[in-house]
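Chemist: Numbering (the numbering used here), first residue to last: 9 to 213.
First the structure, then my questions, so here it is.
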Amino acid sequence: MDIASTLLTIAAAWLVLRVLYQRAHIALLGRHLAKLQLERHMETLTQGYTRAIHEETEARQLHVLETFAQTERSAAAQVQSLANAMQKESAQAAGMGVLSFCVPYIERFLPAMTRDFRELLGIHAAGLRHVVDNAGGLDPKSRAYHLSAELYLLQHSCHWFCKSRTVANARLAVRHKVTHQQVLDSVSETTRSAYLRWLGGAQAR
Numbered sequence: 009m010d011i012a013s014t015l016l017t018i019a020a021a022w023l024v025l026r027v028l029y030q031r032a033h034i035a036l037l038g039r040h041l042a043k044l045q046l047e048r049h050m051e052t053l054t055q056g057y058t059r060a061i062h063e064e065t066e067a068r069q070l071h072v073l074e075t076f077a078q079t080e081r082s083a084a085a086q087v088q089s090l091a092n093a094m095q096k097e098s099a100q101a102a103g104m105g106v107l108s109f110c111v112p113y114i115e116r117f118l119p120a121m122t123r124d125f126r127e128l129l130g131i132h133a134a135g136l137r138h139v140v141d142n143a144g145g146l147d148p149k150s151r152a153y154h155l156s157a158e159l160y161l162l163q164h165s166c167h168w169f170c171k172s173r174t175v176a177n178a179r180l181a182v183r184h185k186v187t188h189q190q191v192l193d194s195v196s197e198t199t200r201s202a203y204l205r206w207l208g209g210a211q212a213r
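Right under this line is the structure:
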């Protein structure tokens, strides 16, 4: 009975710490997002791209996609603003565990198992700008496809930072019917290569 009570106490303490830790991350990111309209822009674009795909003719698809040009530029600028703002936070505050589940305060005792969310946001900002500027000369439909993937991956990273990698994967599957690997395969090479270096623990350049 004593062992059972001890285990229950440990489990309860773990849950409390996890909630406090996740709330701190949510509050940190939310404080920066509150100054932006990024979430609204992302919703407009992801829903808009889906609507364009279901238009009956290619001409109509292209027309719908063209209407999002300003929103795309605004989203790219605001992701960069978010990345810049997060640079003012400490490395400890911006730490996120690479394990599939949330380990509260892992950056304090297992720094090798954490990554820097500030660096990850920089990767997203550069990758999104690359596709918005269409440096690769993509046709409108391919460009929208890659932009959708860039936005999905950004959402995944934010959910991962706030909750856990498993939760982020689940939200991708539920909200967008895709897996993390499918999204990663669909972003630009610029984003994917930098993301994989970050995930592997190397400094992204």
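Ideal placement from N, C-alpha and C gives every residue a C-beta, glycine not left out.
Here the structure is a predicted model, which is why all the values come from computation and not from measurement.
1) Does the Cβ of S150 have 16 or more other Cβ atoms within 10 Å, making it buried, or fewer, making it exposed?
2) Quick check: the Cα distance between A101 and N142, rounded to an integer number of angstroms?
3) Beta-carbon within less than 7 Å of I131's beta-carbon, same chain only, minus the 5 sequence neighbours each way: which residues are those?
4) Out of V182, R126 and S194, state which residue places its alpha-carbon closest to the alpha-carbon of E97.
5) What does the Cβ neighbour count give for H154, buried or exposed, with the cut at 16 atoms within 10 Å?
6) Measure the alpha-carbon distance for Y160 versus S13 and round it to whole angstroms.
7) State yes or no: is the C-beta of A152 within less than 8 Å of the C-beta of V191?
8) Under 8 Å by Cβ, that's how I've got V87 and L36 pegged, so tell me the actual separation to the nearest angstrom.
9) What are the boundary residues of the alpha helix (DSSP H) that M50 is part of?
10) Assuming A133 contacts A77 (C-beta within less than 8 Å), just tell me the rounded distance between them.
11) Considering only DSSP beta bridges, list what R26 is partnered with.
12) What are the boundary residues of the alpha helix (DSSP H) that T199 is part of?
13) Taking its Cβ as the centre, do 16 or more other Cβ atoms sit within 10 Å of L46, making it buried, or is it exposed?
14) Give me the Cα-Cα distance between E51 and M94, rounded to the nearest whole angstrom.
15) My output table needs one value for A12: the three-state DSSP class, helix, strand or coil.
16) Could you tell me how far apart the beta carbons of T259 and L53 are, in whole angstroms, since I believe they sit closer than 8 Å?
Modeler: From the atom records:
1) exposed
2) 34 Å
3) T199, A202, Y203, W206 and A212
4) R126
5) buried
6) 43 Å
7) no
8) Going by Cβ atoms, the distance from V87 to L36 rounds to 17 Å, so no, they are not a contact pair.
9) L46 to I61
10) No, A133 and A77 are not in contact; Cβ-Cβ is about 19 Å, not under 8 Å.
11) None, per the DSSP bridge assignment.
12) E197 to G208
13) buried
14) 22 Å
15) helix
16) Here the chain has residues from 9 to 213 only, and residue 259 is not among them.
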